[in-house]
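J.: Chains as they are written, first to last, in the working numbering: chain A, 11 to 300; chain B, 69 to 294.
1. Drop a sphere of 10 angstroms on the beta-carbon of residue 193 of chain B, count the other beta-carbons inside from all chains shown, and report buried for 16 or more, exposed for fewer.
2. How is residue 206 of chain A classed by DSSP in three states: helix, strand or coil?
3. Consider the Cβ of residue 140 of chain A: report whether some Cβ of chain E lies at a distance smaller than 7 Å.
4. Can you tell me whether residue 57 of chain A is buried or exposed, with buried defined as 16 or more other CB within 10 angstroms of its CB?
5. Return the Cβ separation of residue 128 of chain B and residue 162 of chain B in integer angstroms, given the expectation that the two are a contact with Cβ distance under 8 Å.
6. Does the Cβ-Cβ distance between residue 221 of chain A and residue 131 of chain A come in under 7 Å?
7. Quick check on DSSP: helix, strand or coil for residue 162 of chain B?
8. Could you name each continuous alpha helix (DSSP H) segment of 4 residues or more that falls completely within the stretch 148-190 of chain A, going from the start of the chain to the end?
9. Measure from the C-beta of residue 311 of chain B to each C-beta in chain A and report whether the shortest distance is under 7 Å.
10. Pull the bridge partners of residue 56 of chain A from the DSSP assignment, please.
11. For residue 278 of chain A, would you say it is in contact with chain B, using Cβ-to-Cβ distances shorter than 7 Å as the test?
12. Check whether chain B comes within 7 Å of residue 250 of chain A, counting only Cβ atoms and requiring the distance to be less than that.
13. Using a Cβ-Cβ distance under 7 Å, would residue 174 of chain B count as near chain A?
14. Does DSSP classify residue 292 of chain A as helix, strand or coil?
15. Does residue 288 of chain B get closer than 7 Å to chain A when you measure Cβ to Cβ?
16. Taking buried to mean at least 16 other C-beta atoms within 10 Å of its own C-beta, is residue 284 of chain B buried or exposed?
17. Once DSSP output is grouped into helix, strand and coil, what is the label at residue 72 of chain A?
18. Where residue 82 of chain B and residue 93 of chain B are concerned, what is the direct C-alpha to C-alpha distance, given to the nearest angstrom?
19. By the 9 Å beta-carbon criterion, what residues does the stretch 146-164 of chain B contribute toward chain A?
20. Nearest CA to the CA of residue 131 of chain B: which residue from B:104, B:146 and B:171?
21. Per DSSP, residue 218 of chain A forms a beta bridge with which residues?
22. Using a Cβ-Cβ cutoff of less than 8 Å, which residues in the same chain neighbour residue 224 of chain A once the five nearest sequence positions on both sides are dropped?
23. Could you tell me which chain B residues have their CB closer than 9 Å to the CB of residue 256 of chain A, listed as they occur along the chain?
24. 7 Å is my cut-off, CB to CB: does residue 296 of chain A come that close to chain B?
25. Given that residue 82 of chain B touches chain A, what residues does it touch there, using C-beta distances under 8 Å?
26. Please go through the stretch 90-125 of chain B and give each complete alpha helix (DSSP H) segment of 4 or more residues, from N-terminal end onward.
27. Would a check of beta-carbon distances place residue 236 of chain A closer than 7 Å to chain B?
28. What's the gap between the Cα of residue 151 of chain A and the Cα of residue 65 of chain A?
29. Determine whether the Cβ of residue 268 of chain A lies closer than 7 Å to any Cβ atom of chain B.
30. Go through its chain and collect everything with a Cβ distance to residue 22 of chain A's Cβ below 7 Å, but skip five positions before and after it.
31. Around the Cβ of residue 74 of chain A, are there at least 16 other Cβ atoms within 10 angstroms (buried) or fewer (exposed)?
32. Would you report the Cα separation of residue 121 of chain B and residue 149 of chain B, rounded to the nearest angstrom?
33. Could you tell me whether the stretch 237-251 of chain A touches the stretch 277-288 of chain A, where touching means 3 or more Cβ pairs closer than 8 Å?
34. Rounded to the nearest angstrom, what separates residue 294 of chain B and residue 116 of chain A at their Cα positions?
35. Since residue 301 of chain A sits in a beta bridge, which residues does DSSP pair it with?
36. Within this structure, are the beta carbons of residue 114 of chain A and residue 90 of chain A separated by less than 7 Å?
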């Protein structure tokens, strides 16, 4: 018997812990690891840089989002994930001093082309924010507003149909069908968030961006939204920014990890949460730095 | 060399909880290793008193299994571990099961030691038990050592040891069959010895499982059944 190797009754070796700890700093030339690209992307981003005045918030991000995919973007606060998400439907245009460089295309069409109609783009790429913010109108009008604006309904019957379909897709119809003409602001937080999603769906988007859609909701309302995300992915492509890693693990197909404005890793979600490829992703998802 | 690299969590308590299950698993490993050594000695020295002790102490190993499992469940519920933490917790839940099974096998060996001690004091079969026993104890010890250091290379080397143990087991079986053929009066005794070497071979398999789990924790690779 190997006496030296005997471990009877001993505690783990002290030297097991700090053995050659890798530094958690990021070097400038470090490339994104993992599966960033797909054959037929719905949306493709290449060498995207985003600046607020002189400050660079996003550094050289290249990634594809596949059709009907749910991609989750995670990372510590201030890592640029929301900035990146908002550049996908040009919400950043409304921020003074914000500049986006690089290429962002949807189905091959450059979303930053000068002639592109931004209002139409935001219908094609809807966005749901952290806090539901219904218009001070009825539930019906909240959903009908977009289709009316974009001329998607020829008649009242068409509009009714769009409203019902959107509310059904947002799993809200059964809860509100008897009170469509009551104020949207009277709904609970979770219901308001689903109303918000119904509003985004009503204009037949191709893609839905979600910026921490559940952070203001309780666990049951969150579960409903998460279930909805899975259903919606049958028809839409979804990019979701979330602070909840469990949520990213539950709802997404791929997960992208951002750190200090850089895209560190993109990989299938099951891999990211069991065997991340990058040490920074590992450190973040195991709670080793914030 | 592939080894696990640890850094501290932001939640210190989480670090302590993970450290706790590692430590307790090592303690359980140490206890099981001792049980195995005593069981083998009880057979080869025809020491029924020592065998009784092994049988009696098996319940402590069972208790350790339940305690560590409970600690792992609490960690999962409280911390929702991910990546290497998740792999570690899953590994520990599987490893305690293997260690508990090793404890069971040691108890079985001790049971046979009691029977053998009551029989005639011939030395037939003891050489096989001692030889295989030494290899198995060494393998278990190496497996626990690889776990203590999260050392994949050591784990892989230890996995290889199981092949030799399987060969030695087959040789022991052949020799026992020869004893039985040569002297039918030794059949009852040889069968008892046969159960002992069978248990030792099973312990080798459990030690191999432990090593496979070490590879899973460190590298995220599932090498079972390969």
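In this text, a Cβ means the ideal position worked out from N, Cα and C, and glycines have one as well.
T.: Quick answer:
1. In the second chain, counting from the first residue as 1, residue 193 of chain B sits at position 125. By the beta-carbon neighbour count (other beta carbons within 10 angstroms, threshold 16), residue 193 of chain B is buried.
2. As a working note, residue 206 of chain A is residue 196 in the first chain. In the displayed model, residue 206 of chain A falls within a helix according to three-state DSSP.
3. Reference to chain E is not applicable here, since the protein chains of this structure are A and B.
4. Taking the first residue of the first chain as 1, we reach residue 57 of chain A at position 47. Flag for residue 57 of chain A reads exposed.
5. Within the second chain, numbered from 1, the residue matching residue 128 of chain B stands at position 60. Within the second chain, numbered from 1, the residue matching residue 162 of chain B stands at position 94. About 20 Å separates the two Cβ atoms, so there is no contact after all.
6. On the first chain, residue 221 of chain A is found 211 positions in, with the first residue counted as 1. On the first chain, residue 131 of chain A is found 121 positions in, with the first residue counted as 1. No, the pair does not count as a contact, with Cβ atoms beyond the cut-off.
7. Taking the first residue of the second chain as position 1, residue 162 of chain B is located at position 94. Looking at residue 162 of chain B - three-state DSSP - the assignment turns out to be helix.
8. If only complete runs of 4 or more residues are kept, the stretch 148-190 of chain A shows the alpha helix (DSSP H) at 149-159, 166-179 and 183-186, in order along the chain.
9. Residue 311 of chain B is absent from the structure shown; chain B starts at 69 and stops at 294.
10. Mapped onto the first chain, residue 56 of chain A falls at position 46. Residue 56 of chain A is bridged to A:113.
11. Residue 278 of chain A sits at position 268 when you count from the first residue of the first chain. Against chain B, the CB of residue 278 of chain A has no partner CB under 7 Å away; the residue lies outside that interface.
12. On the first chain, residue 250 of chain A is found 240 positions in, with the first residue counted as 1. No Cβ of chain B is located within less than 7 Å of the beta carbon of residue 250 of chain A.
13. As a first step, residue 174 of chain B is located in the second chain; it is residue number 106 there, counting from the start. In terms of beta-carbon proximity, residue 174 of chain B stays away from the interface with chain A, with every pair separated by 7 Å or more.
14. Counting from 1 along the first chain, the entry for residue 292 of chain A is found at position 282. Helix.
15. The count along the second chain starts at 1 and reaches residue 288 of chain B at position 220. At a cut-off of 7 Å between beta-carbon atoms, residue 288 of chain B makes contact with chain A.
16. The count along the second chain starts at 1 and reaches residue 284 of chain B at position 216. Its Cβ being crowded by 16 or more others within 10 Å, residue 284 of chain B is buried.
17. Here residue 72 of chain A is taken as the residue at index 62 of the first chain, counted from 1. The answer is strand: DSSP assigns residue 72 of chain A an E or B state.
18. Your numbering for residue 82 of chain B matches position 14 in the second chain. Your numbering for residue 93 of chain B matches position 25 in the second chain. When rounded, the distance between both Cα atoms is 17 Å.
19. So the list reads 147, 148, 149, 150, 151, 152, 153, 154 and 155, given in the order they occur along the chain.
20. If you number the second chain from 1, residue 131 of chain B lands on position 63. Of the listed residues, the one whose Cα sits closest to residue 131 of chain B is B:171.
21. Against the first chain, residue 218 of chain A aligns to sequence position 208. A:136 and A:248, per the DSSP bridge assignment.
22. As a first step, residue 224 of chain A is located in the first chain; it is residue number 214 there, counting from the start. Within its own chain, the residues whose Cβ lies closer than 8 Å to the Cβ of residue 224 of chain A, once the five positions on either side in sequence are excluded, are 203, 231, 232, 235, 236, 252, 254 and 257, listed in chain order.
23. What you label residue 256 of chain A is simply residue 246 of the first chain in a count that begins at 1. At a beta-carbon threshold of 9 Å, the residues of chain B lying near residue 256 of chain A are 148 and 150, ordered along the chain.
24. One-based indexing of the first chain puts residue 296 of chain A at position 286. With 7 Å as the cut-off, residue 296 of chain A counts as an interface residue toward chain B.
25. Here residue 82 of chain B refers to the residue found at position 14 of the second chain. For residue 82 of chain B, the residues of chain A that pass the 8 Å Cβ criterion are 297, in the order they occur in the chain.
26. Fully enclosed alpha helix (DSSP H) runs of 4 or longer: not present.
27. Here the question's residue 236 of chain A lines up with position 226 in the first chain. At a cut-off of 7 Å between beta carbons, residue 236 of chain A makes no contact with chain B.
28. Here residue 151 of chain A refers to the residue found at position 141 of the first chain. Here residue 65 of chain A refers to the residue found at position 55 of the first chain. When the Cα atoms are used, residue 151 of chain A and residue 65 of chain A turn out to be separated by approximately 40 Å.
29. For the purposes of this step, residue 268 of chain A is taken as the residue at position 258 of the first chain. By this cut-off, residue 268 of chain A is not an interface position.
30. In the first chain, the residue the question calls residue 22 of chain A occupies position 12. Residue placement at residue 22 of chain A cannot be trusted, given a pLDDT of 40 that sits under 50; the coordinates are not used to answer.
31. Along the first chain, one-based indexing puts residue 74 of chain A at 64. With 16 or more other Cβ atoms from the protein chains shown falling within 10 Å of its own Cβ, residue 74 of chain A counts as buried.
32. Taking the second chain and counting its residues from 1, one reaches residue 121 of chain B at position 53. Taking the second chain and counting its residues from 1, one reaches residue 149 of chain B at position 81. Cα to Cα, residue 121 of chain B sits roughly 39 Å from residue 149 of chain B.
33. The answer is no - the stretch 277-288 of chain A does not touch the stretch 237-251 of chain A, with fewer than three Cβ pairs under 8 Å.
34. Here residue 294 of chain B corresponds to residue number 226 of the second chain, with the count starting at 1. Here residue 116 of chain A corresponds to residue number 106 of the first chain, with the count starting at 1. If you take the alpha carbons of residue 294 of chain B and residue 116 of chain A, they lie about 44 Å apart.
35. Chain A is shown from 11 up to 300; residue 301 of chain A falls before or after that span and cannot be answered.
36. Taking the first chain and counting its residues from 1, the one referred to as residue 114 of chain A is at position 104. Taking the first chain and counting its residues from 1, the one referred to as residue 90 of chain A is at position 80. Remark: C-beta atoms of residue 114 of chain A and residue 90 of chain A do not approach each other more closely than 7 Å.
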